[in-house]
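Engineer: Residue numbers (this note's numbering): -14 to 304.
Would you mind keeping the following structure in view while I ask a few things?
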Amino acid sequence: VADIEISDYVTKVLYRPFDYRYCFYHPSAVDRTRKEIVDNVVDRKNVSINLVRQTKMTSWQHVLASDIPVPAIGVEIKDGSTLFPLYLYPNSTTKKQVLLDGIVAETQAEYITGRRANLAPAFIEALSAKTGLAYVPDGVGDLANTWGPEDAFHYMYAIFHAPEYRSRYAAFLKMDFPRLPLTGDVALFRELCSLGARLVDIHLQRVKLEPKTGFPITGSGMVEKVRYTAPEHGEAGRVWINDTQYITGVPEEVWQFRIGGYQVCEKWLKDRKGRVLIYDDLMHYQQIVAALAETITLMSKIDGVINAHGGWPLGERAA
């Protein structure tokens, strides 16, 4: 380790939902590097979805997008989770695997010279057949005649955030990876792609949202004991970090919102117990609250769009 440049191995990771940390990503410090996965994410233009195979929790909300590495307990500390990158980038190992898998020659050439979508050929064929749209191998399609890998990712992300999907298939979601139902209704597919894309953008914090919280009381800024008091006096609720200081404007549904096994607003602050919150911390927390509030709104819209197109099971292609 003494002979390496340490800064070359410092990697930003999504430690917990909306909680970014830095990791010394080197075999001397990381027990299981999962290099075959991480190589597709670090310094790559990529996005991944983090899912659990099963959960002991009473409800399923175990899905999160990321464009950086995520630890095995990124969304659930008890059940663990799995990261699925949308694109795979070539290296000596994966080039060999492509050839062993017997992928068609055109795909081999594309994969060895650049990235390829991490989508099974059977899935590509099924979605194209359902929607009547032609597949483009990278990026997005126009959703009038074509669809691309990122459209599939956005559609999937919307479906997995649909409250009705989570309740309808609750028993199955506790036992195995979520299954993705396909629709032949192109208008529904298009709308879900749009809503899913917005969810991905806010979860990756690609957009700056309008803050609705405040931190009105001066003091030490030290996180000592985190607690929540319900809305009163026209406010949306307070998140206390010590006996005298609090963050205002946090709706109760946002405070209670969970991603995987973590109550996001509480977890982020509790992991900073004993630390003084600086300006950047408060600005980031504002964005967390805003992102979760919009997530709740978008989840309701996803259910509304599906219901407007005939509800569950998902509709066939419109005539």
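Glycine is no exception: its CB is placed at the ideal position from the N, C-alpha and C atoms.
None of the values given here were measured: they were computed from a predicted structure.
Who are Ser152's beta bridge partners in DSSP?
Structural biologist: Counted from its first residue, the sequence shown places residue 152 at position 167. Beta-bridge pairing links Ser152 to no other residue.
Engineer: Assuming Ala147 and Ile287 are in contact, meaning their beta carbons sit under 8 angstroms apart, how far apart are those beta carbons, in whole angstroms?
Structural biologist: Walking along the sequence shown from the start, residue 147 turns up at place 162. Walking along the sequence shown from the start, residue 287 turns up at place 302. That belief holds up - the Cβ atoms of Ala147 and Ile287 are roughly 5 angstroms apart, short of 8 angstroms.
Engineer: Rounded to whole angstroms, what is the Cα-Cα separation between Leu71 and Phe162?
Structural biologist: For the purposes of this step, residue 71 is taken as the residue at position 86 of the sequence shown. For the purposes of this step, residue 162 is taken as the residue at position 177 of the sequence shown. One C-alpha to the other measures close to 16 angstroms.
Engineer: Check whether the Cβ atoms of Asp64 and Thr40 lie closer than 7 angstroms to each other.
Structural biologist: Counting from 1 along the sequence shown, the entry for residue 64 is found at position 79. Counting from 1 along the sequence shown, the entry for residue 40 is found at position 55. In contact: Asp64 and Thr40 (Cβ atoms closer than 7 angstroms).
Engineer: Under 7 angstroms between the Cβ atoms of Leu112 and Leu36?
Structural biologist: Position 127 of the sequence shown, counted from the start, is the residue given in the question as residue 112. Position 51 of the sequence shown, counted from the start, is the residue given in the question as residue 36. Going by beta carbons, Leu112 and Leu36 fall outside the 7 angstroms limit.
Engineer: Measuring alpha carbon to alpha carbon, tell me which residue in Leu118, Leu177, Phe108 and Ile244 is nearest Tyr142.
Structural biologist: Residue mapping note: residue 142 aligns to position 157 of the sequence shown, counting from 1. Residue Leu177 is the option with its Cα nearest to Tyr142.
Engineer: Between which two residues does the beta strand (DSSP E) harbouring Asn35 extend?
Structural biologist: In the sequence shown, the residue the question calls residue 35 occupies position 50. Annotation: the continuous beta strand (DSSP E) that includes Asn35 extends over Ser33 to Leu36.
Engineer: Do Pro2 and Leu68 have their C-beta atoms within less than 7 angstroms of each other?
Structural biologist: The sequence position of residue 2 within the sequence shown is 17, counting from 1. The sequence position of residue 68 within the sequence shown is 83, counting from 1. Not a contact, by the Cβ cut-off of 7 angstroms.
Engineer: So Pro134 is in the alpha helix (DSSP H); what residue range does that whole segment cover?
Structural biologist: The residue you call residue 134 lines up with position 149 of the sequence shown. Looking at the DSSP string, the run of the alpha helix (DSSP H) that includes Pro134 is Pro134 to Phe145.
Engineer: Among Val125, Met207, Glu220 and Lys193, which one has its Cα closest to the Cα of Gly181?
Structural biologist: Looking up residue 181 in the sequence shown gives position 196. For the residues Val125, Met207, Glu220 and Lys193, the minimum Cα distance to Gly181 belongs to Val125.
Engineer: For Arg191, is the classification buried or exposed, using 16 other Cβ atoms within 10 angstroms of its Cβ as the cut-off for buried?
Structural biologist: Translated into the one-based positions of the sequence shown, residue 191 becomes position 206. Per the 10 Å Cβ criterion, exposed.
Engineer: Got a sec? Which residues, its chain only, sit under 7 angstroms from Glu237 by beta carbon, not counting five neighbours each side?
Structural biologist: Counted from its first residue, the sequence shown places residue 237 at position 252. Around Glu237: Ala215, Pro216 and Gly222.
Engineer: Of the choices Cys8, Leu73, Asn292 and Arg151, whose alpha-carbon is the least far from that of Asp170?
Structural biologist: Counting from one through the sequence shown, the residue named residue 170 turns up at place 185. For Asp170, the nearest C-alpha among the options comes from Asn292.
Engineer: Can the beta-carbon of Tyr120 be found closer than 7 angstroms to that of Arg100?
Structural biologist: Within the sequence shown, numbered from 1, the residue matching residue 120 stands at position 135. Within the sequence shown, numbered from 1, the residue matching residue 100 stands at position 115. It is not a contact, given that the beta carbons lie outside the stated cut-off.
Engineer: If you run the structure through DSSP and keep just helix, strand and coil, what is Lys255?
Structural biologist: Residue mapping note: residue 255 aligns to position 270 of the sequence shown, counting from 1. The three-state reading of DSSP puts Lys255 in helix, counting H, G and I together.
Engineer: Please return the same chain residues whose Cβ sits closer than 8 angstroms to the Cβ of Ile202, not counting the five positions on each side in sequence.
Structural biologist: Working through the sequence shown from its first residue, we reach residue 202 at position 217. The answer, listed in chain order, is Thr229, Gln230 and Tyr231.
Engineer: Which of helix, strand or coil does DSSP assign to Leu177?
Structural biologist: Counting from 1 along the sequence shown, the entry for residue 177 is found at position 192. The answer is helix: DSSP assigns Leu177 an H, G or I state.
Engineer: So, helix, strand or coil for Tyr0, using DSSP?
Structural biologist: Position 15 of the sequence shown, counted from the start, is the residue given in the question as residue 0. Residue state, collapsed to three classes: strand.
Engineer: What first and last residue would you give for the alpha helix (DSSP H) that runs through Val290?
Structural biologist: One-based indexing of the sequence shown puts residue 290 at position 305. Per DSSP, Val290 belongs to the alpha helix (DSSP H) from Tyr264 to Ala293.
Engineer: Got a sec, what are the start and stop residues for the beta strand (DSSP E) Val48 sits in?
Structural biologist: Indexing the sequence shown from 1 puts residue 48 at position 63. In the DSSP annotation of this structure, the continuous segment of the beta strand (DSSP E) that includes Val48 starts and ends at Val48 to Ser51.
Engineer: DSSP three-state call for Leu184: helix, strand or coil?
Structural biologist: Counted from its first residue, the sequence shown places residue 184 at position 199. Helix, per DSSP.
Engineer: According to DSSP, Ile232 sits in a beta bridge with which residue or residues?
Structural biologist: As a first step, residue 232 must be located in the sequence shown, where it is residue number 247. Answer is Val224, bridged to Ile232.
Engineer: Answer yes or no: do Gly206 and Val261 have a C-beta to C-beta separation smaller than 7 angstroms?
Structural biologist: Position 221 of the sequence shown holds residue 206. Position 276 of the sequence shown holds residue 261. Judged by beta-carbon spacing, Val261 lies within the 7 angstroms limit of Gly206, meaning their Cβ atoms are closer than that value.
Engineer: Between Arg153 and Trp297, is the Cβ-Cβ spacing less than 7 angstroms?
Structural biologist: To locate residue 153, count along the sequence shown from 1; it is residue 168. To locate residue 297, count along the sequence shown from 1; it is residue 312. Cβ atoms of Arg153 and Trp297: closer than 7 angstroms.
Engineer: Within 10 angstroms of the Cβ of Ala303, are there 16 or more other Cβ atoms? Answer buried if so, exposed if not.
Structural biologist: For this step, residue 303 is matched to residue 318 along the sequence shown. Note that Ala303 scores 46 on pLDDT, short of 50, meaning its location in the model is unreliable; the coordinates nonetheless yield the value given after this. Classification of Ala303: exposed, given that the 10 Å Cβ count is below 16.
Engineer: Taking the alpha helix (DSSP H) that Phe108 falls in, what are its first and last residues?
Structural biologist: On the sequence shown, residue 108 is found 123 positions in, with the first residue counted as 1. Segment Pro106 to Thr116, the alpha helix (DSSP H) holding Phe108.
Engineer: With which residues is Gln248 paired in a DSSP beta bridge?
Structural biologist: Looking up residue 248 in the sequence shown gives position 263. The partner list for Gln248 (beta bridge, DSSP) reads Arg243.
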